[in-house]
Each structure stands twice: as structure tokens, then as C-alpha cells.
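Notes follow once the structure below has been shown.
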Amino acid sequence: MKLIYERYETANPNYELELKENEELTLISFNNNVKDAKLTLHAKQQTNSKLYIYNFILNEYNSILYQDIDVLGLNTNTIIINLILSSKNSKIDSNISINHLNKNTKSLLETYAISKDESVIKIENVGKIKQGCHKVSVRQKAKGLTLSNQSKIEAKPILYIDEYDVEASHACSIGSVNKDDLFYLMSRGLDEKEARKLIVQGFLTPIIDRIEDKKIKEEISNIITNRI
Amino acid sequence: MSKLIIKNLHVSVEGKEILKGVDLELNTNEFHVIMGPNGTGKSTLASTIMGHYKYQVTEGSITLDGEDVLAMSVDERSRKGLFLCMQYPSEIAGVTNSDFIKTAMHARLKDGETLPLMKFIRSLDKAVAELKMNEDLPHRYVNEGFSGGEKKRNEILQMKLLKPKFAILDEIDSGLDVDALKIVGENVENMKSADFGALIITHYERLLSYIHPDYVHVLLNGKIVKNGGLELLEKIDSEGYDWIKEELGLDTDEGPNITSQTSIGTCGVKEALKDKE
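Line by line, the protein sequences are chains Y and L.
Under our numbering, residues 454 to 681 are what the first sequence spells out, in order.
Under our numbering, residues 2 to 278 are what the second sequence spells out, in order.
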């Protein structure tokens with residue numbers, strides 16, 4: 454399987470990808486405080502191809518994530534997992550669209566967001582299923598955690614479905630740290646700061662754990678742990 | 002030898018008074034049982050001792066070896082030696098049980114003290130075995146996907162490792178099957194020592210086949226109305242609470258009324274979860 458790991462240094466990486474028949478590709482993008490960054494990606498997937506994308510954005514500056522996947526072939530799989538941590542006055546936009554244009558194709562799109570200070574995260578997850586594309590499965594999830602009263606997370610989970618014989622789901626939940634969870638951890642002797650840190654880490658760990666490449670996982674995990 | 006003293010404790014939830022002057026004195030090496038019908042404030046008492054944000058103390062005091070507990074934050078209370086075995090412990094996704102317990106044990110180390118990893122693992126493994134829990138438990142996320150019984154055992158596991166001076170067990174027996182009840186009961190009973198005492202809240206006598214209490218208190222309408230020993234327990238088990246109400250001249254019709262008042266609090270949660278267990 455091909456692996457692309459993009460820790461972007463430049464502000465505007467742009468990808469035009471075409472996954473040929475039976476091709477498998479993992480793309481891990483990591484935006485660690487790049488100022489006014491915009492990552493654009495257009496991908497096309499042919500029959501039996503598998504595309505796995507992990508986007509990590511840790512930013513105190515504005516940034517945009519724009520990804521558009523056209524699923525052209527049959528029996529494909531597409532997984533996109535995003536993790537966004539915003540701080541200070543930053544505005545971070547994430548727009549991801551997966552267009553199912555053929556039968557028996559599968560996609561999973563999950564976005565996890567944590568906002569600090571006065572930052573704003575806007576998430577738009579779009580799944581489209583064209584008429585006649587039987588047995589398509591589309592799953593979407595957005596989960597947000599706001600760590601301050603001034604920060605904001607907006608999520609729009611959107612599904613355009615023009616076919617009956619499909620499976621689709623979308624879920625969205627945004628909130629601040631649960632007071633009873635905090636009480637539970639503190640009742641075991643952790644001070645509030647430590648308890649909050651553990652809850653945030655708990656939010657992040659299952660996402661980072663999905664990266665299979667150990668070296669990249671460790672690198673990203675270390676940077677993120679230092680930041681929180 | 003430690004002492005936990007509760008004096009004239011009045012507690013309100015959202016402006017409604019639940020506890021109306023509770024007096025209680027606990028020493029280590031003692032097990033106290035609090036009994037009482039639904040909605041009389043047993044869970045309120047437990048949560049208030051630990052400092053839950055929902056409960057406001059309007060009058061009275063709680064001291065641990067002379068120190069003002071009410072002035073302490075929740076985590077300070079824990080580090081000073083109080084522990085609440087919760088009825089509905091939180092699920093903390095993404096945090097493994099062993100990481101959580103290790104962090105909690107680190108939090109109570111004094112300056113210069115260390116907790117060697119091997120020593121921690123050995124004591125965790127030992128406690129897991131004593132509670133007959135699954136070996137994979139340390140690697141699972143805190144309470145996530147645990148059955149009712151597993152959650153209760155996990156509370157006891159933490160209690161064993163954190164070694165509090167006083168534990169408050171809030172209906173630790175609910176949702177436990179007979180075997181689990183025996184394991185939990187025996188583990189608590191074995192902790193009794195000059196350094197450990199417990200306040201046990203329960204509805205059933207069954208748990209007390211394994212835990213042997215020294216004192217029994219009856220909480221009714223927000224007050225402790227009766228103190229005694231095992232004989233009190235037996236009488237309640239066979240006759241219920243009506244005789245106490247009559248003896249004290251309490252209006253028995255007040256019962257349902259009070260139940261609905263406290264149902265805003267923990268009892269509402271209990272009702273909601275009943276179906277799941």
C-alpha cells in the first residue's frame with residue numbers, strides 16, 4: 454500500500470489524485486501551526502480502490518481544509534478521519550465532500566474538533582449518492598468539544614441521497630467537558646487541570662490510534678500531547 | 002486512627018432542602034450502615050461528603066480529623082482520604098483504566114515519593130485478581146462498555162488501590178448478581194482496619210451477609226432518626242420503616258411527597274437507569 458505523509462511546510466499544498474483499479478492509498482496530512490494554510494485535494498477513485506485520509510490540523514492561525522472525492526468505480530472504500538484543534542483567534546474551516554457515483558461503494562467520514570480560547574471551527578461534511586447507485590453505504594460523524602465559553606464549533610452533516618437501496622447515517626454532537634465526568638475524575642484525587650487534560654486526551658487517543666504507521670503515530674501523538 | 006464528623010448537616014438541591022440536620026460520627030475500623038426508604042437523602046449525603054457540585058450545604062459542618070472538609074475542593078477531599086464508590090460512575094472514553102488509576106495514585110504521592118511502574122502493575126494485577134475481574138480490564142477505557150456489575154467492581158478496584166481512610170459506598174450492591182455481591186462484599190470487609198472505615202448505603206440486607214456493620218442508622222425525611230446495631234437491621238428487613246414512622250409520630254403520607262422532591266436529584270437518574278440494569 455502506498456503511503457503519503459505530508460507535514461506541510463508550505464501554506465497551500467494541493468493534491469490531484471487518481472486511484473486506479475485495485476490501488477490502495479493512505480494520505481496523512483499534518484498542519485502544525487502553518488499560517489493561513491489551505492489544503493486542497495481532489496481525488497478520483499476507480500473500481501476496487503481504497504483511499505484512507507487522515508487530516509490533522511493544530512492551529513492558532515486560520516486554515517482551510519478542502520477535499521472532494523469522486524467515487525467513479527465499483528466496490529470502493531473511502532475513509533476520512535479529521536482531527537482539528539484550534540486556539541487563540543483562529544478560524545478553521547473543514548469542507549469535505551464524498552460523491553458516490555457508482556454502485557456498492559462505501560465511505561466513512563469522521564471529524565473530531567476541539568476549540569480553545571476564542572477560536573471557531575466550522576465543519577461541513579457532505580455525502581452524495583447518485584440515483585441508481587445501489588448498495589452504497591455512507592457514514593458520517595462529527596464530534597466537538599469546546600474548552601472555553603468564547604470558542605465555537607459549528608457542524609453541518611449533510612447527506613444528498615437520490616437512491617432508495619442504500620445505507621446512510623450521520624451523527625453530530627458538540628459540547629463542553631461534562632461536569633459529572635470532571636467530578637468523577639476529581640473524586641479520585643486529580644486536580645481540575647489534570648482531569649480536563651485526561652478527558653481531552655481521551656477524546657484524541659482513539660483517533661490517533663487509527664494510524665497504522667507506528668513512527669508517524671508517535672510523532673503526531675507527541676506533538677499533540679505537548680500542545681494540550 | 003481517623004475521625005469523620007458530620008454535624009447538623011443541612012443540604013439543598015436546586016433550592017429544595019433534602020437533608021435537614023444530619024449528625025454522624027465515623028471512626029476508622031468501623032463500618033456504618035445507612036438505611037432508609039427511597040428519596041430520604043441517602044445519596045445526597047454521600048455526594049455531599051465528596052463535594053458534588055449539585056448539592057449546596059446551607060448549614061452544619063463536616064470535619065476529617067479536625068480539618069474542614071467543606072472548605073476543600075473535590076480532589077483535595079480525595080487526597081485527604083475520602084472516597085465515594087458511586088452508584089453511576091462516569092464512562093471516560095479514550096482513557097484506559099490503568100492510566101487513570103496510575104494518574105490518581107500519582108496525584109496522592111507526597112513530595113519525593115515515587116511509584117515504580119512494576120510495583121504499580123503488581124498491585125493492580127493483584128487487586129484485579131482479588132475482585133475476579135477480567136484480565137483485559139486495565140487496558141479497557143474507564144467504565145466504557147462495562148456491565149453494571151463490572152462498573153461496581155471497578156469502583157472497588159480503585160478504592161483498594163487508592164487506600165482511603167473513609168469510603169462511602171453508595172448502593173454498591175445494586176445491579177450485582179449473587180456471585181459479584183459476594184466478591185465485592187468480601188473485598189470491602191477485608192479492608193476494615195485501623196486505617197479504614199466505611200459508610201455503607203444500602204436497601205438490602207443481602208450485602209450485609211458479607212460486610213459486617215458495627216452501627217446501623219436510619220435516615221428518614223432528611224434526618225437520622227434511629228441509631229442502633231444489627232438488631233435494627235433485622236427489624237427493618239422484616240417490618241419495613243412504618244413502625245419507625247409511627248414511633249416518631251411522622252405522617253406516613255409524607256413519604257411519597259418527599260420521594261417526588263428528591264427525584265430531581267440522583268433518584269431521577271436511578272429511575273431512568275432501572276430499565277437498563
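Glycine included, every Cβ here is placed at the ideal spot set by N, Cα and C.
- Message: Using the three-state DSSP reduction, which class does G256(L) fall into: helix, strand or coil?
- Response: Reliability of the predicted coordinates at G256(L) is poor, the pLDDT of 45 falling under 50, and the value obtained from them is presented with this limitation in mind. Looking at G256(L) - three-state DSSP - the assignment turns out to be helix.
- Query: How is the beta strand (DSSP E) around L538(Y) delimited, first residue to last?
  - Reply: N530 to S539
- Looking at the C-beta of L657(Y), does it have a partner C-beta in chain L at a distance below 8 angstroms? Judged by the 8 angstroms Cβ criterion, L657(Y) is in contact with chain L.
- Task: Name the one or two DSSP bridge partners that V58(L) has.
- Result: V12(L)
- Measure how close the beta-carbons of I202(L) and S44(L) come, nearest whole angstrom, since I'm counting them as under 8 angstroms. 7 angstroms
- Item | Distance, H587(Y) Cα to K127(L) Cα | 54 angstroms
- Could you spell out the range, first to last residue, of the alpha helix (DSSP H) harbouring P659(Y)? P659(Y) -> alpha helix (DSSP H) spans E645 to I661.
- Task: Consider the Cβ of S640(Y): report whether some Cβ of chain L lies at a distance smaller than 8 angstroms.
- Result: yes
- In this structure, does DSSP put N512(Y) in helix, strand or coil? strand
- Other residues of its chain near H527(Y): CB distance less than 8 angstroms, five sequence neighbours each side excluded: As written in the sequence, residue 527(Y) is Leu, which differs from the His given in the question. Result list for L527(Y): T500, N501, N555, K556, N557 and T558, in chain order.
- Message: When you compare the CB positions of L28(L) and M51(L), do they come within less than 8 angstroms of one another, or not?
- Response: For clarity, residue 28(L) is Asn in the given sequence; the question names Leu instead. No. Outside cutoff.
- Message: Quick check on V70(L): does DSSP put it in helix, strand or coil?
- Response: In the structure shown, V70(L) sits in a helix (DSSP, three-state: H, G or I).
- Message: I'd like to know whether the C-beta of T45(L) is nearer than 8 angstroms to at least one C-beta of chain Y.
- Response: no
- Task: Would you mind reading off the limits of the beta strand (DSSP E) that contains T599(Y)?
- Result: V589 to T599
- Residue-chain proximity (Y54(L), chain Y), Cβ-Cβ < 8 angstroms: yes
- Message: Here's the rule: buried if 16 or more other CB atoms are within 10 angstroms of the residue's CB, otherwise exposed. What is R80(L)?
- Response: buried
- Task: With DSSP collapsed to three states, give me the class of L110(L).
- Result: DSSP places L110(L) in coil when its eight states are reduced to three.
- Tell me which same chain residues have a C-beta within less than 6 angstroms of the C-beta of L494(Y), skipping the five on either side of it? These residues qualify, in order along the chain: Y468 and Q520.
- Query: Is there a Cβ from chain Y that is less than 8 angstroms from the Cβ of P90(L)?
  - Reply: yes
- Proximity test, Cβ basis, 8 angstroms: V129(L) and chain Y: no
- Please report the residue range of the beta strand (DSSP E) in which V579(Y) lies. Unbroken beta strand (DSSP E) run through V579(Y): V573 to I582.
- Query: So, does the CB of Y637(Y) fall closer than 8 angstroms to a CB anywhere in chain L?
  - Reply: yes
- Item | Same chain only: Cβ atoms within 7 angstroms of K569(Y), ignoring 5 sequence neighbours per side | Same-chain partners within the cutoff: S539, S540, L600, S601 and S604.
- Message: If you follow the alpha helix (DSSP H) that R680(Y) is in, where does it begin and where does it stop?
- Response: K667 to R680
- Item | Under the three-state DSSP convention, the category Y216(L) falls into | strand
- In this structure, what does DSSP give as the bridge partners for V34(L)? I201(L) and V217(L)
- Within this structure, are the beta carbons of I648(Y) and C625(Y) separated by less than 8 angstroms? In the sequence as displayed, the identity of residue 648(Y) is Ala instead of Ile. No, these two residues do not count as a Cβ contact at 8 angstroms.
- Message: Suppose you measure from the CA of A621(Y) to the CA of F84(L); what does that come to, to the nearest Å?
- Response: 45 angstroms
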